[in-house]
Amino acid sequence: MKAEYLPTEIESKWQKKWEEAKLFEVDLKKAKDPYYCLVMFPYPSGSRLHVGHWFQYSIPDSFTRFKRMQGKDVFHPIGFDAFGLPAENNAIKKGKHPHDSTKENVDYMIEQYKRMGCTYDWSKILKTSEPEYYKWTQWLFLQMFKNGLAYRKEGNVNYCPDCKTVLANEQVWDGKCERCETEVVQKPLTQWFWKITDYSDQLLKGLEEIDWPEKTKIMQRNWIGRKTGIVFKEKVKDLEFDIEVFDTVPQTFMAQTFTIIAPEHPLVAKLVEGTKYEKEVMEFSNRVAAKKASGNFDIENEMEGIFTGRYIDNPFGTGDLPIWVASFVVADYGTGIVNCSAHDERDFAFAKKYDIPLKTVMVPDDKEEAEKVRNLDYCYYKADEGILDTPEEVKGMKWKDAYDPIVKYIKKNKLGDMGVNYRIRDWLISRQRYWGAPIPIVYDPDGKPHPIPEEHLPWELPTDVEFKPKGKSPIANSKELKERTEKIFGKGWTPEVDTMDTFVCSSFYQFRFLAEGNQKEFIPKDIEKKWMPVDFYIGGPEHACMHLIYARFIAMALKDFGLVTNGEPFKKLLHQGLITNKGAKMSKSKGNVVSPDEFVEKYGSDVFRLYMMFMGPFTDGGDWSDTGIKGVDRFAKRTYSVLSEIVNKKGDQSSALIVGLNRTIKRVTEDIERLHFNTAISALMEFLNLIEKEGGCNTETAQIFVRLLSPLAPHLSEELWEVLGGKGFVIEQDWPKFDEKLIVTDTVTIAVQVNGKLRGNFEADTGVGKDDAIDQAKEVANVAKFLDGKKIKKEIYVEGKLVSFVV
RNA sequence: GCCGCUGUGGUGGAAUGGUAGACACGAGGGACUUAAAAUCCCUUGGCCAAUUACGGUCGUGCUGGUUCGAUUCCAGCCAGCGGCACCA
């Protein structure tokens, strides 16, 4: 009668023992070989952990178990991104206060993580909605304010009508709200911003040093969008001011015949003030600006413009350039004013529509085509082989070679100078929602903002409010907050009533895990030096231009303030793949979320974890299907029944077993190291098959097998370790080492190819020489058939693998 | 439009210049069983040949190229996914 594998019993038994032994609590000071592994913390939004969570959290957990056995002092904490919209919306739906529903959700999730068998250090858990945490969110705001990186600005901001709050640029995806997919509109408001733009170049430069997926780096580079070009300084005719225009393609600047300005641009009014054009131009500009702000502007079909009556005063000695307002000019990129020529498709189309004169300074080499371009039959632009004819200095030069000479010409003639522009905008951190960290600012009776002194932190979120979103900050109605402000600061003083974007909360949590609840210091310096940056960070690719850019910015700013030493928070980053259901992302609204519970119930956590890993590479994800879970279940059951019988078995083993064991150690070690858990499991399956084929193994081998299995199936391995008479916990054992010499077998199979086609193989002694191998290869019957009567031109030997004949 | 990633049996996937399809799932056949489940054994990319089982041939999105040899490297294309986008 074979022993029966009872996962539920085994798993709760070992989860209890791990917790009692406080196995995963790390002494941050004493640790000798720190390894900080962090998975982006979850939102407690009321949904239970689905299979995607199991994939995201259990696999890194297995990885840290592996690192732990390799002797690293692993710090693997978990926390909850508890402030913010998902938690607040969940509370509204349940009709509970966010504080209560968040607590319930967090408690439930903790139980689920424990059920998963995760090695988290539960003594250092963080919840961003606790005053002990958001004290530091507010402290961070004060540091930013003190150092001039936090400022208030009035202007058009992104507003989500459904969430009833403003959004950062990073949270607007394809014109829609990142959370609820509602069309975002522009709204004029005074809001707090953080100057991430001061760090554009540092954010770019830092990317060179970190071990991140190239894809993510490219996304961040595109988001920052640094572009160099020429800034032309030009005089407006008959008016007292100059304007600047930005041009990244200056080679054809001599063809510029008109200038366009964005309808929202403040200079529009100044250009037309007191002229006969004023009424019409301002009406046009206001109408188009409003349409653009509402989000209803059709960029494809609504190319509109109006002449302002003004001119740029003969900037290049080729005449004045009429200034037009054009609907498609982006107000806050470059200077919001653009010089136009026939060598730009859109400018060309605009000029044709409004009969604005054009001229060409570049033509193709082909005579006929050149004539067409000169006739303005079509737009000829950004053509590598285009030949320039003016200015004189570049005459006859190809467009692709003309950039530097043109820049030199422009600088020499003092027409303009090199300039840089960025796509990235400052980070809007104000939110008109209840469930967030209050911005630690008060206003004096004149409305001037003042930071709340640190001694008053945490500046607590009031509870005497109706927290449902109405478009105005809910805490504005708190009596308690008003009284608190006046009591501390004086009569007539008022509190800031917006809360902070949750991405602020999550931009520094990697430091606060290391502070272990310290309320006096943000992070002890020696601990920060020792543990930061995070060695290995894991999370979804959707954060490439949100959390991952904010967290880098904050770390860089804190470094400049002298508060931390590492400006790059995450040394190595990896994105887990997405688990989809029938090709679609799992979401509550689609109702296609797959719960792991019934599988965990039936097969146990270990089998479910194994299955997650066996599905494929961690970075790939995949479409959910439960076909195949039986395979790993059989493997777990067989492992248990086969190995639990190998108690106290001593003695020599067959060379096949010895070689197999050493190869398995090598494969599993290398596969886990490169996060190929699927092939690590395959290697163990193959070795188990071999053990069965060989009629068993000795206890030492069985124990090594269990150690190799333990990161992947932690509970089962603890149980087997105990059955096999191992001391202590298997997770505390050393990772097995293999003997390079024992991987080699006595003979090898060598394949033989003739003209690149496989024609046979033969057994040879390991280390057989080239000549010997070739002689033996010729003897192989089927090979001889193909060599018969032919002349061998070339003989190739790949050691221990292959012989190839060319005939 | 620009940038990036991906494309392998019925399915998940393995192999990053050297025997394509490891390891599994599923399917088919068999053993055990009154029966079913579970378990065990055999077969399993297509086609041709063979069943005393020798072998051959095609095959990793498509078309070419480099190489003795390409899923792997190069060029062009197609499809899917992701990011950016009237950004001057």
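With my numbering as the guide, the letters of the first sequence map in order to residues 311 to 1117.
Idealized CB from N, CA, C, for every residue including glycine.
Fair warning: this is a prediction, and the values are worked out from it, not measured in the lab.
1. Mind reading off the beta-carbon distance from E790 to P772? Whole number of angstroms is fine, and I expect it under 8 Å.
2. What residues in its chain sit with their C-beta under 6 Å from that of D431, if we drop five residues either side in the sequence?
3. What do you reckon, are the CB atoms on L1139 and V952 nearer than 8 Å?
4. Specify the secondary structure class of S1027 as computed by DSSP and reduced to three states.
5. Rounding to the nearest angstrom, what Cα-Cα distance links R862 and R735 in this structure?
6. Quick check on the burial criterion: 16 or more other C-beta atoms within 10 angstroms. Buried or exposed for M379?
7. In three-state terms, what does DSSP make of K882?
8. Taking Cβ positions, are Y1020 and V1040 nearer each other than 8 Å?
9. Can you tell which of L1097, N466 and Y950 has the C-alpha that lies nearest to the C-alpha of L1026?
10. Quick one, are the C-beta atoms of N532 and K497 less than 8 Å apart?
11. Is it a yes or a no for the region 780-787 touching the region 719-731, going by three-plus beta-carbon pairs under 8 Å?
12. At the level of alpha carbons, what is the spacing between T670 and D711?
13. Use the C-beta contact count for Q829: other C-beta atoms within 10 angstroms, 16 or more gives buried, fewer gives exposed.
14. Could you check the C-alpha separation between Q1086 and G1110 for me, to the nearest Å?
15. For the region 465-484 and the region 493-509, state whether three or more C-beta atom pairs, one from each stretch, are separated by less than 8 Å.
16. Just how far apart, CA to CA, sit R375 and W1045?
17. Roughly how many angstroms lie between the CA atoms of T645 and K882, to the nearest whole one?
18. Does the Cβ of C428 have 16 or more other Cβ atoms within 10 Å, making it buried, or fewer, making it exposed?
19. Please return the same chain residues whose Cβ sits closer than 7 Å to the Cβ of P354, not counting the five positions on each side in sequence.
20. State the Cα-Cα distance for the pair S292 and D343, rounded to the nearest angstrom.
21. Suppose you measure from the CA of S322 to the CA of G485; what does that come to, to the nearest Å?
22. Taking the alpha-carbon positions, what's the G615 to Q886 distance?
23. Our contact map puts M922 next to I369 with C-beta atoms below 8 Å; I'd like the distance itself, whole angstroms only.
24. Tell me the start and end of each unbroken alpha helix (DSSP H) in the region 826-911 that is at least 4 residues and wholly inside, in chain order.
25. Do I848 and L884 have their beta-carbon atoms positioned less than 8 Å apart in this structure?
26. Using a threshold of 8 Å, state whether the C-beta atoms of T1009 and K960 are closer than that.
27. Is the beta carbon of S1114 closer than 8 Å to that of I1106?
28. From the DSSP output, in three-state form, read off D511 for me.
29. Pull up the distance between the alpha-carbon of V582 and that of A565, whole angstroms please.
30. Please return the same chain residues whose Cβ sits closer than 6 Å to the Cβ of P748, not counting the five positions on each side in sequence.
31. Along the chain, where does the beta strand (DSSP E) that runs through A1074 open and close?
32. Counting C-beta neighbours from all protein chains within 10 Å, is the total for K718 16 or more, i.e. buried, or is it exposed?
33. Assign G1110 to one of three DSSP states: helix, strand, or coil.
34. Could you check whether G1070 and E1058 sit closer than 8 Å to each other, using their CB atoms as the reference points?
35. Could you give the distance in angstroms between the alpha-carbon of I1053 and the alpha-carbon of S510?
36. Are K1047 and I968 touching if we call contact CB-CB under 8 Å?
The answer reads as follows:
1. 5 Å
2. F334, E335, V336 and P387
3. Beyond the ends of the chain as shown, which are 311 and 1117, falls residue 1139; an answer cannot be given.
4. helix
5. 15 Å
6. buried
7. strand
8. Contrary to the premise, residue 1020 reads as Ser rather than Tyr in this sequence. Their beta carbons are under 8 Å apart, which means S1020 touches V1040 by this criterion.
9. Y950
10. no
11. no
12. 18 Å
13. Around the beta-carbon of Q829, fewer than 16 other beta-carbon atoms lie within 10 Å, marking it exposed.
14. 13 Å
15. yes
16. 10 Å
17. 37 Å
18. buried
19. Contacts found: F390, A392, A397, T412, N415, V416 and M419.
20. Nothing can be reported for residue 292, as the shown portion of the chain is limited to 311 through 1117.
21. Straight-line Cα distance between these residues: approximately 48 Å.
22. Looking at the two C-alpha atoms, the distance is approximately 48 Å.
23. 6 Å
24. 835-841 and 857-870
25. Yes, the Cβ-Cβ distance between L884 and I848 is below 8 Å.
26. yes
27. yes
28. Taken through DSSP and simplified to helix, strand or coil, D511 comes out as helix.
29. 26 Å
30. W769, L771 and T809
31. K1067 to D1075
32. exposed
33. coil
34. The sequence shown places Val at residue 1058, rather than the Glu named in the question. No. Outside cutoff.
35. 52 Å
36. no
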